[in-house]
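Residue numbers (the numbering used here): 3 to 64.
As structure tokens, then:
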């Protein structure tokens, strides 16, 4: 179990470093193309995964 946790932690750290774009090279003649980039990050948080009322409503287990 501990080796699994270590593996998952190492993969998450590797993914974090791979996702960081810190080595982006800037051109010597920057051009303003009037484009604005906007990124939305949406995270769902689920508190109840079990269905309610005999599986008729709610929950991700439905």
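Glycine included, each C-beta is placed from N, C-alpha and C at the ideal position. Fair warning: this is a prediction, and the values are worked out from it, not measured in the lab.
*According to DSSP, which residues form a beta bridge with residue 54?*
59
_Where the alpha helix (DSSP H) containing residue 18 begins and where it ends_ = 4 to 21
*Backbone secondary structure at residue 36 - three-state DSSP*: coil
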